[in-house]
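Colleague: Chains as they are written, first to last, in this note's numbering: chain A, 1 to 116; chain B, 117 to 232.
We put the CB at the ideal spot given by N, CA and C, even for glycine.
Computed from a prediction, not measured in an experiment: that's the story for all the values here.
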DNA sequence: CAGGATCCCATAAGATACTG
DNA sequence: CAGTATCTTATGGGATCCTG
């Protein structure tokens with residue numbers, strides 16, 4: 001039996017996971033997507049309020065990043081003052097299962113911590 | 117219809133996700149767990165080779181962290197030189213579904229990127 | 001309202017050398 | 001082999017102020 005081809009193993013097993021980590025990495029991105037999953041189309045300020053602790057700058061940066069990755073869309077309305085709404089794309093919504101799973105595990109983990 | 121109780125919403129929806137992020141956060145922890153999922157009981161050096169790019173220091177730190185969180189066990193064998201093996205705990209294995217899901221999404225994402 | 005511009009800092013992570 | 005110690009750097013993120 002030949003040794004495992006490590007580089008190939010890496011490409012097939014680890015790299016896709018790294019891709020996801022890169023896309024949703026950082027402290028807030030996943031929570032932003034989660035917020036949009038629950039809130040639907042949401043304005044900037046409203047989104048910020050739904051994620052206690054996040055600053056405007058970080059939210060702005062992360063939203064840009066998510067938009068460039070095709071996860072969300074940004075729509076500007078020419079009101080006065082202007083309003084901007086963010087929304088998950090269909091592609092972004094493919095993250096739903098994953099994110100709910102992450103949250104689910106966290107809930108179980110919380111039970112475990114509390115019952116210790 | 118009353119306004120949503122934001123703090124409570126936060127606690128129920130966002131905090132569990134943050135918990136998981138904290139536990140698996142950083143650049144490598146998830147890959148370490150993934151490596152142990154695939155490789156089973158694994159020695160330090162072997163684990164390092166299975167995760168190209170990770171340095172000994174980071175691997176060591178992350179393993180300590182995962183051990184303290186009950187995700188993995190560390191077993192020292194009194195050979196010469198000593199060998200140390202790491203293994204997922206049953207609790208750690210509850211992360212399997214989640215981690216495979218993360219990888220799965222990354223694979224689909226990869227397809228999407230390549231076919232653009 | 002939605003964010004850009006700045007400044008600042010803590011910390012994660014990399015490089016390297018060393019040890020029981 | 002399985003780490004630890006030390007140093008260095010990059011950057012993610014926080015705080016604050018400003019603007020169309």
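Quick one: Cα of residue 192 (chain B) to Cα of residue 222 (chain B), how far?
Modeller: Each residue's alpha carbon lies about 35 Å from the other.
Colleague: Would residue 117 (chain B) count as contacting chain A if we go by Cβ distances under 8 Å?
Modeller: Residue confidence is low: residue 117 (chain B) scores 46 on pLDDT, short of 50, so the model does not pin down where it sits. Its coordinate-derived value is still stated next. With 8 Å as the cut-off, residue 117 (chain B) does not count as an interface residue toward chain A.
Colleague: Return the Cβ separation of residue 13 (chain A) and residue 150 (chain B) in integer angstroms, given the expectation that the two are a contact with Cβ distance under 8 Å.
Modeller: 7 Å
Colleague: Can you give the Cα-Cα distance for residue 42 (chain A) and residue 127 (chain B), rounded to whole angstroms?
Modeller: 20 Å
Colleague: Measure the CB-CB distance between residue 148 (chain B) and residue 20 (chain A) and report whether it falls below 8 Å.
Modeller: no
Colleague: When burial is assigned at 16 or more other CB atoms within 10 Å of the CB, is residue 80 (chain A) buried or exposed?
Modeller: exposed
Colleague: Would you kindly work out how many angstroms separate the C-alpha atoms of residue 25 (chain A) and residue 146 (chain B), rounded to a whole number?
Modeller: 12 Å
Colleague: I want to verify the contact list: residues of chain B whose CB lies under 8 Å from the CB of residue 73 (chain A), in sequence order.
Modeller: Residues of chain B passing the Cβ test: none, with the nearest at roughly 17 Å.
Colleague: Going along chain A in order, which residues have a C-beta closer than 9 Å to the C-beta of residue 150 (chain B)?
Modeller: 13, 14 and 17
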